[in-house]
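Printed below as a string of structure tokens:
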């Protein structure tokens, strides 16, 4: 798998990666603060972009299962453009989510 990824990297770098600077929305995956195998996922949205804004009324911390999850929203800069980021770090327990949100 890694060999196939490395084989496609030049095309990705030339054609795909440069598009993220102009995109209205980017979904970005990063290593979690909780460590692998968990992920931090960021929905990066350009302000005044064509995509309808996703918002959180308040930051959330969901506990009761390991590792739990944090959800937050903040403003940032993305390649010189003002953006809003909705970020989730960790893992939501889908069997317990409704109780955690109360």
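Numbering (this note's numbering), first residue to last: 31 to 132. For each residue, glycine too, the CB sits at the ideal point set by N, CA and C.
For residue i and residue j, which I take to be in contact (beta-carbon distance under 8 Å), what is that distance rounded to the nearest angstrom?
| i | j | result |
| --- | --- | --- |
| residue 103 | residue 91 | With a Cβ gap of about 14 Å, residue 103 and residue 91 do not count as contacting. |
| residue 121 | residue 68 | 5 Å |
By the DSSP assignment, the beta strand (DSSP E) with residue i in it spans what residues?
| i | result |
| --- | --- |
| residue 123 | Per DSSP, residue 123 belongs to no beta strand (DSSP E) and is neither H nor E. |
| residue 11 | Look at the range of the chain in this structure, 31 to 132, and you will see that residue 11 is not part of it. |
| residue 101 | 99-108 |
| residue 75 | 69-76 |
Need the endpoints of the alpha helix (DSSP H) that residue i sits in, please.
| i | result |
| --- | --- |
| residue 60 | Careful: residue 60 lies outside any alpha helix (DSSP H), inside the beta strand (DSSP E) at 55-61. |
| residue 37 | 32-41 |
For residue i, collect the residues of the same chain with a Cβ closer than 6 Å to its Cβ; drop the 5 residues on either side in sequence, then sort them by chain order.
| i | result |
| --- | --- |
| residue 119 | 62, 63, 70 and 100 |
| residue 108 | 74 |
| residue 106 | 113 and 115 |
Kindly list the residues whose CB is nearer than 8 Å to the CB of residue i, restricted to its own chain and excluding five residues on each side of it in sequence; keep chain order.
| i | result |
| --- | --- |
| residue 79 | 54 and 55 |
| residue 31 | none |
Report all residues from its chain with a CB closer than 7 Å to the CB of residue i; omit the five preceding and five following residues, and keep chain order.
| i | result |
| --- | --- |
| residue 111 | 76 |
| residue 41 | none |
I'd like to know if the stretch 85-102 and the stretch 41-54 are in contact, where contact means that at least 3 CB-CB pairs between them fall below 8 Å.
no
With a cut-off of 8 Å, do at least 3 Cβ pairs link the stretch 108-116 to the stretch 71-87?
yes
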